[in-house]
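**Q** Numbering (the working numbering), first residue to last: 100 to 243. Glycine included, each C-beta is placed from N, C-alpha and C at the ideal position.
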Amino acid sequence: MTAQGGTSVIPPALSVEDVQALLHTQPCEEIGTTLALVGDKWSMMIVIYLATGPCRFNQLKRQIGGITQRMLTLTLRKLERQGLVNRTVHPTVPPQVEYALTPLGQSLREPVQILGQWVLQHQDELQRSRREYDAKATDDPEGG
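1. Under three-state DSSP, which class holds Gln-119?
2. Starting from Ala-234, trace the beta strand (DSSP E) in both directions and tell me its first and last residue.
3. Gly-204: beta carbon under 8 Å from a heavy atom of the ligand FAD?
4. Buried or exposed: Val-146, going by 16 or more other Cβ atoms within 10 Å of its Cβ?
5. Am I right that Trp-141 and Thr-172 are in contact with their C-beta atoms under 8 Å? What's the rounded C-beta distance?
6. Between the region 203–217 and the region 175–183, are three or more C-beta pairs nearer than 8 Å?
7. Hey, could you find the ends of the beta strand (DSSP E) Thr-187 is sitting in?
8. Could you check where the beta strand (DSSP E) with Glu-241 kicks off and where it finishes?
9. Counting C-beta neighbours from all protein chains within 10 Å, is the total for Tyr-232 16 or more, i.e. buried, or is it exposed?
10. Does DSSP classify Thr-101 as helix, strand or coil?
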């Protein structure tokens, strides 16, 4: 991972103290803030669908499935605030609203694809780990 100037944010070998200090630097705080804003399930799905081209609200709602109107509205507003999505109102009756990725939003396509490939590559292992963890949690509800 690199900072704005192209230097590495996370050096290869750090002491515990170095890691703790690094976590409170501006680049790491910005990474955390941004991931909290765009790294949730709905934001990622919206970015994936909008990567194929502009969509109207109800098109997005149908394509994503399972998202409420309120959650879609909130997520689109959040992505718009971050500069990842443009909202265009067309002067028709009734007004048509279209959403599209901005150039910044388009730049998320590659990282999202890489993450998706990683999930697909490791999905069996991830599912197995969840099952094993859940089985242990059921056997030992105290977590000890």
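**A** Quick look at the numbers:
1. Here the question's residue 119 lines up with position 20 in the sequence shown. Correct three-state label for Gln-119: helix.
2. Numbered from its first residue, the sequence shown carries residue 234 at position 135. Not the beta strand (DSSP E): Ala-234 falls in the alpha helix (DSSP H), residues 208–238.
3. With respect to the ligand FAD, the structure offers nothing, as it holds no ligand at all.
4. What you label residue 146 is simply residue 47 of the sequence shown in a count that begins at 1. Buried, by the Cβ-count rule.
5. Looking up residue 141 in the sequence shown gives position 42. Looking up residue 172 in the sequence shown gives position 73. Actually they do not touch by this definition, with Cβ atoms about 11 Å apart.
6. yes
7. Along the sequence shown, read from residue 1 onward, the residue named residue 187 stands at position 88. Segment 184–189, the beta strand (DSSP E) holding Thr-187.
8. Here the question's residue 241 lines up with position 142 in the sequence shown. Premise fails: Glu-241 is in no beta strand (DSSP E) and is neither H nor E.
9. Residue mapping note: residue 232 aligns to position 133 of the sequence shown, counting from 1. Flag for Tyr-232 reads exposed.
10. On the sequence shown, residue 101 is found 2 positions in, with the first residue counted as 1. Per-residue confidence for Thr-101 stands at a pLDDT of 47, beneath the threshold of 50, marking its modelled position as unreliable; no derived number is given.
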